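K.L.:
Convert by adding 30 to the 1-based position in the sequence shown; the result is the number in my numbering.
Every residue, glycine too, gets a C-beta built ideally from N, C-alpha and C.
Keep in mind it's a predicted model, so treat the numbers as computed, not measured.
Take a look at the following structure, please.
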Amino acid sequence: MVRSPKITWNGYKINRVKSFKYLGIHVHDRLNWLQHINKRGEKAVKMQQNLKRIAGGNWGISQIHRWTLYKTVIERMLAHESSAWCLNPTFKMKRKLSSIQRPFLLHISGAYRTTPTAALQTILGIPPLHMQVQFEARLTSIYRLRIPIPPIITDTRMIWR
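So, in structure tokens, the structure goes:
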């Protein structure tokens with residue numbers, strides 16, 4: 031068993047932590063990003079509950095306004111800093127993002143809760159959240175951070191279809 035190193039800075043002891051928040055991103059010591067997605071998901075659920083207060087399934091704001099709120103507020107919040115954590119999402123990350131997206135799709139469409147998520151995405155014209163976030167991450171990496179395209183991707187038009 032190896033003892034963790036003692037780190038001091040100006041006489042203060044720095045304790046080891048499993049995760050910390052830096053610039054809005056929850057960084058885990060193993061860099062698996064699930065805690066970040068969970069925290070963002072909790073925030074999204076709170077926003078969804080507030081949205082349900084002002085608009086029910088068949089009263090309040092219209093479907094197009096609910097769709098617009100989802101695309102402009104919720105999706106933007108979940109895609110924030112995605113270039114750091116979602117360039118190559120794992121299966122667990124995809125599943126968690128899908129479970130975050132589902133209540134919003136049900137609320138926008140007013141469909142029954144037994145409706146499959148893929149059907150809701152198709153009906154509403156909203157791509158799976160993990161694909162949208164990965165698209166945002168790659169777009170940011172290529173155009174804003176000036177990171178070159180990986181050699182495995184030869185035709186960039188196929189990514190953004």
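1. Which word fits VAL47, buried or exposed, when buried means at least 16 other C-beta atoms lie within 10 angstroms of its C-beta?
2. For the alpha helix (DSSP H) holding HIS66, just list the boundary residues, first then last.
3. On the DSSP bridge assignment, give the partners of VAL57 in chain order.
4. Note down, in chain order, each residue of its chain lying with its Cβ closer than 8 angstroms to the Cβ of GLU111, except the 5 sequence neighbours on either side.
5. If you compare alpha carbons, which of LEU108, PHE121, LEU159, THR120 is closest to ARG132?
6. Under DSSP, the beta strand (DSSP E) around LYS43 begins and ends at which residues?
7. So what does DSSP say about THR152, is it helix, strand or coil?
8. Who are THR144's beta bridge partners in DSSP?
9. How far does the alpha helix (DSSP H) with ILE138 in it extend, from its first residue to its last?
10. Within a Cβ cutoff of 8 angstroms, which residues of the same chain sit near LEU64, ignoring the five residues on either side of it in sequence?
11. Would you call ARG191 buried or exposed, if buried means 16 or more other Cβ atoms sit within 10 Å of its Cβ?
12. By alpha-carbon positions, which one of HIS66, ASN68, LYS69, LEU99 ends up nearest to ASN80?
13. Excluding the five sequence neighbours on either side, which residues of its own chain have a C-beta within less than 7 angstroms of the C-beta of LEU154, listed in chain order?
P.N.:
Result, derived from the coordinates:
1. exposed
2. 64-84
3. PHE50
4. LEU53, GLY54, ILE55
5. LEU159
6. 42-44
7. helix
8. The partner list for THR144 (beta bridge, DSSP) is empty, contrary to what the question assumes.
9. 121-139
10. HIS58, LYS122, MET123, LYS126
11. Reliability fails at ARG191, whose pLDDT of 49 lies under 50, so the model's placement of it is uncertain and the value that follows must be treated cautiously. Looking at its Cβ environment, which holds fewer than 16 other Cβ atoms inside 10 Å, ARG191 is exposed.
12. LEU99
13. TRP97, LEU135, ILE138, SER139
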